[in-house]
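Let me begin by presenting the structure, written as structure tokens, before commenting on it.
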Amino acid sequence: MLKYIEYNHYITYKRRLINLYVASLDLGTTGCRTFIFDTAGTIIASDYQEWKSFYPKPSWVEQDANLWWDSLKNTMESAIKRSGIDKTDIISLSVTNQRETVVPVDINGEPLHNALVWQDRRTTEEVEYIKRTVGIDKIYNTTGLTIDPYFSATKILWFKNNKPEIYRKTHKFLLVSDFIINKLTGKYISDFSNLSRTMLFDIKNLRYSDEIASLLEIDLDKMPEPVESGVDIGEITTEETAFDQKTLVVSGAGDQQSAALGVGVIAPGDMKLTTGTGSFILAYLDEPKFDPQKRVLCSCHAIPGSWVQEASVFTTGAVLRWL
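Per our numbering, residue 8 is the first one in the sequence shown, and the count goes up by one each step.
Next up, the structure:
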């Protein structure tokens with residue numbers, strides 16, 4: 008009799024799984040997508056919407072963070088409608104994103120300035136300052152990164168040096184996924200894979216580097232709370248989206264680490280190359296490894312307890328768009 012009851016519970020569980028779904032919110036450089044998947048990983052529905060970048064000066068690239076949110080809400084609603092499923096059957100969602108891009112927000116989570124996009128190159132003076140103040144070796148051996156305008160710390164310093172009133176008013180400096188997570192849940196959370204692209208994160212000890220932040224006089228209280236990828240953050244609290252408010256938000260990962268996980272980069276020897284706005288080669292690591300010549304970078308993977316070695320070209324698809 009007990010085995011019969013257990014079997015029936017198992018069948019009920021399996022039937023329930025058939026009618027459950029998860030969502031992925033993908034915020035790239037040129038637009039966003041919402042995907043609805045079943046529990047087998049099959050895409051049930053999706054929608055895409057582009058947004059504009061702004062170029063106030065040569066080599067400056069900005070985006071309006073409110074456009075991210077507005078565009079994403081449109082794709083959420085459209086994808087759910089196309090799926091034909093009940094929104095209450097979508098049990099969780101996660102966010103993946105263009106990395107390094109940073110936006111300052113006030114205590115209510117509202118942007119104080121356009122986001123500075125990863126492609127933005129205005130921070131050459133900040134780069135030289137970091138080289139003098141912290142040093143190339145210290146940055147690389149702690150964060151796995153070279154000192155380049157690409158990375159978020161240079162952009163935060165630019166606000167501090169050039170927009171001191173905005174820096175003072177900033178409650179948090181958020182990456183793209185952090186901004187969306189805050190809109191969904193009201194929480195200020197970021198994952199290791201994204202934070203390891205800020206130049207403020209110790210990738211060996213998986214925490215912010217107090218030493219680097221102190222040398223740069225960047226207030227770490229203005230940064231989101233670090234968590235692993237795949238951690239439950241909380242339920243949706245906003246009524247602005249088409250999702251049910253009981254939908255669980257789970258911490259995601261940067262776009263390249265997510266892509267690596269998606270194509271099976273899960274063990275030593277695995278490697279992937281993807282091309283979009285830029286091109287990125289990532290190789291799996293089971294521990295941080297550093298190139299003595301600093302030719303490749305090292306960052307946290309989407310898989311807890313794993314890392315990736317990375318080489319990139321910033322403009323591949325972007326060149327086609329420019330042409």
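C-beta: ideal position from N, C-alpha, C; glycine also.
- One thing to note: I240 has its Cβ no nearer than 7 Å to the Cβ of I273.
- Burial is judged here by how many other beta carbons sit within 10 angstroms of a residue's own beta carbon; T244 has fewer than 16 and is exposed.
- Our two residues, A30 and T323, have alpha carbons roughly 29 Å apart in a direct line.
- Sorting D209, D198, M206 by C-alpha distance to the C-alpha of P233 places D198 at the top.
- A residue is called buried once 16 or more other Cβ atoms fall within 10 Å of its Cβ, and I219 is buried on that count.
- With contacts defined as CB atoms closer than 7 Å, L27 and N104 fail to qualify as a contacting pair.
- As for any alpha helix (DSSP H) of minimum length 4 sitting wholly inside the stretch 228-305, the runs are 262-269, ordered along the chain.
- Buried is the label assigned to L202, since at least 16 other Cβ atoms lie within 10 Å of its Cβ.
- In its chain, beyond the 5 residues on either side, E235 have a beta carbon closer than 6 Å to the beta carbon of P311.
- According to DSSP, residue pairing for N169 in a beta bridge does not occur.
- With distances taken between CA atoms, T130 lies nearest to I163 out of I163, L327, G48.
- Inter-residue distance for K211 and Q316 is about 14 Å (C-alpha atoms, whole angstroms).
- Judged by their CB atoms, V109 and L123 are nearer to each other than the 7 Å cut-off.
- F287 and A267 have their alpha carbons spaced roughly 10 Å apart.
- Distance from the Cα of T46 is smallest, within the candidate group G91, T37, I97, for I97.
- Rounded to the nearest angstrom, the Cβ distance from L32 to I187 is 6 Å, consistent with a contact under 8 Å.
- Under the rule that a run must span 4 or more residues, the alpha helix (DSSP H) segments found entirely inside the stretch 58-98 read 72-90.
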